[in-house]
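The structure appears right after this line, and notes come after that.
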Amino acid sequence: MDALKQELKENIIEQLNLEDMTTEDIANDDMLFGDGLGLDSIDALELIVMLDKSYGIKLTDPKEGRSIFESINTMAAYITEHRSK
Amino acid sequence: MKKVYINSIASISAQKTFDNTSFLKEIEDFEANVINVINPNYKDYIPPAAARRMAKGIKMGVVASKMAIKEAGLETIDAIITGTGMGCVRDSEKFVSAIIDNDEQYLTPTSFIQSTHNTVGGQIALELQCKGYNFTYVHASNSFESALLDAKLQLALNEEKNILIGGVDELGDHTTAIHKIINHIKTEPVKVTQVLQANTKGAVFGEGANFFVLSNEKKNTSYAEVVALKTYNSLPEKDVLQEAVHFLKENNLSTNDVDLLVLGNNGDVDFDTFYHTLSKGFQDTQIAYYKHVSGEFNTASSFGFWLASKILKTQTIPEVVKGNNKTTTSIKTILLYNQYRGENHSFTLLKQC
Chain G
1 MDALKQELKE NIIEQLNLED MTTEDIANDD MLFGDGLGLD SIDALELIVM LDKSYGIKLT
61 DPKEGRSIFE SINTMAAYIT EHRSK
Chain P
1001 MKKVYINSIA SISAQKTFDN TSFLKEIEDF EANVINVINP NYKDYIPPAA ARRMAKGIKM
1061 GVVASKMAIK EAGLETIDAI ITGTGMGCVR DSEKFVSAII DNDEQYLTPT SFIQSTHNTV
1121 GGQIALELQC KGYNFTYVHA SNSFESALLD AKLQLALNEE KNILIGGVDE LGDHTTAIHK
1181 IINHIKTEPV KVTQVLQANT KGAVFGEGAN FFVLSNEKKN TSYAEVVALK TYNSLPEKDV
1241 LQEAVHFLKE NNLSTNDVDL LVLGNNGDVD FDTFYHTLSK GFQDTQIAYY KHVSGEFNTA
1301 SSFGFWLASK ILKTQTIPEV VKGNNKTTTS IKTILLYNQY RGENHSFTLL KQC
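Protein chains in written order, with the numbering used here: chain G, 1 to 85; chain P, 1001 to 1353.
This is the structure:
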């Protein structure tokens, strides 16, 4: 699980061009949207594509994303349970 | 009809032009066939949250526009008119590559959103919160001139007071590779100081963003007056001089009235002949070149416009751009001529103000 969390942080920094951030800057329970990392709706679309491409998870209900993308912890837990690759 | 003035200039180029206090005194003498811009510190101008989705061309355009508006002493402007030949080519390449590499699956929105040609104009408007007229011209090597013509007409008719115009193009790896294959880029690296004498096919490619605030209100700090502008999609080499003479005559001038001729030679042996032909009608006129220091790109002529504006204001011609041994005591009238590969020609007439 720790390796997955580290991988997620690296992917998020790369995919979302968070140029000035390192994996150390993102805590596992930091809010990814809103007051935390400050990600927005375009980032949410990028994350949905990342889940599909990297872990074979297709999110059909956008409302699901709200809880899944809350933090690195929630993303890692969902991926662990649902990944197909 | 109101007169149109250049009230501020800003340039991000392959030379250290973003520092407007110096005027091409120190030259980066690259030995290359593709030259990139010298980047200012973009973080000084663009918040990190906004910058993370901007490719280089957008950053160059946004920063150059902010510099120009600051120099003009304005908070915002009435209209934004941008010229670009290739638009945001890096994001276009990224988006199309992703389609191919992922077999049309897993397409992400960011590079698509940012890949359109009018992204730079849109981002500038967002940064300035300018809700006025916003237009982008994509007319190959007449893109900047089209933006200039639009602004000139609107200001002359007093439809707007202050208009931001600019030319911006960025280098993209894939596009550059294609231009190398078809020999539009020189096969050999050439030093900046030797480009114009290279006598080989193709040009040294470059990139840049040159922005200006044009106004129909003259200030003490104005750079020059934009007197006239004419563009042609096609113009045979044999007619270039005759057209220049006609263009000057339309503005009650003759070739003898031109103090400086600013030409867009790029060292391509096949197409610099247009400039040589024109120069024959200006035997006693001082000549300046600029594409050896800026590189060739669709809106490189905006760098020539920057150069001419600065020459008129400072009455100084940097050594590196001097094209012949003629001298002029006072530079009052400048004629610019540009074309790329024998197409999209333009004459621009600037006057001291």
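Backbone N, C-alpha and C define an ideal beta-carbon position, used for all residues, glycine too.
8 Å Cβ shell around P:Ser1146 - same chain, five flanking residues per side excluded: Gly1083, Tyr1137, His1139 and Thr1231
Given P:Ser1013 as reference, the closest of P:Leu1149, P:Leu1128, P:Val1168 and P:Ala1049 once Cα atoms are compared: P:Val1168
Within 8 Å of chain G by C-beta, residues of the stretch 1091 to 1117 of chain P in sequence order: Asn1102, Gln1105, Tyr1106, Leu1107, Thr1108, Pro1109, Thr1110 and Ile1113
Where P:Tyr1275 sits in the DSSP three-state scheme: helix
Unbroken beta strand (DSSP E) run spanning P:Gly1304, endpoints: Element bounds for P:Gly1304: not the beta strand (DSSP E) but the alpha helix (DSSP H), Ser1301 to Thr1314.
Whole-angstrom C-beta distance between P:Ala1198 and P:Val1190, which should lie under 8 Å: 5 Å
DSSP three-state assignment for P:Thr1348, whether helix, strand or coil: strand
Beta-carbon spacing of P:Lys1186, P:Ala1203 below 8 Å: yes
Cα-Cα separation, G:Asn28 to P:Tyr1340: 55 Å
Cβ pair P:Phe1023, P:Pro1318 closer than 8 Å: yes
CB-CB length for P:Ile1287 against P:Gly1264, believed under 8 Å: Wrong, their Cβ atoms sit about 12 Å apart, outside the cutoff.
Proximal residues of chain P, C-beta to C-beta of G:Asn17 below 7 Å: Arg1052 and Arg1053
Min CB distance G:Glu24 to chain P below 8 Å: no
The stretch 1042 to 1075 of chain P: positions lying closer than 7 Å to chain G by Cβ: Pro1048, Ala1049, Arg1052 and Arg1053
Residue-level contact to chain P via CB, G:Ile42, 8 Å cutoff: yes
Closest by C-alpha distance to P:Thr1021, when choosing among P:Arg1053, P:Ala1032, P:Tyr1042 and P:Glu1071: P:Glu1071
Residues that G:Asp52 contacts on chain P, provided the C-beta gap is smaller than 9 Å: Gln1105 and Tyr1106
Span of the alpha helix (DSSP H), counted from its first residue to its last, around P:Tyr1005: Unbroken run through P:Tyr1005 is the beta strand (DSSP E), Tyr1005 to Ile1012; no alpha helix (DSSP H).
For P:Lys1322, the three-state DSSP class (helix, strand or coil): strand
Rounded C-alpha distance that separates G:Lys5 from G:Leu16: 16 Å
9 Å Cβ cut-off: residues of chain P touching G:Phe46: The sequence given here places Glu at residue 46 of chain G; Phe does not occur at that position. Near G:Glu46 (Cβ distances below 9 Å), the residues of chain P are Thr1108, Pro1109 and Thr1110.
Close-in-space but distant-in-sequence residues of the same chain around G:Ser71 (CB under 7 Å, 5 per side omitted): Asn28, Asp29, Asp30, Met31 and Leu32
Test item: CB-CB of P:Leu1424 and P:Val1004 under 8 Å: Residue 1424 of chain P is absent from the model: chain P starts at 1001 and stops at 1353.
8 Å Cβ shell around P:Lys1238 - same chain, five flanking residues per side excluded: Thr1277
Simplified DSSP assignment, three categories, for P:Gly1388: Given that chain P is displayed from residue 1001 to residue 1353, the structure contains no residue 1388 of chain P and the question cannot be resolved.
Chain P within 8 Å of G:Asp20, Cβ atoms only: yes
Where G:Gly38 meets chain P, residues with beta-carbon distance less than 7 Å: Ala1049
Cβ neighbour criterion (16 or more within 10 Å) applied to P:Arg1090: buried
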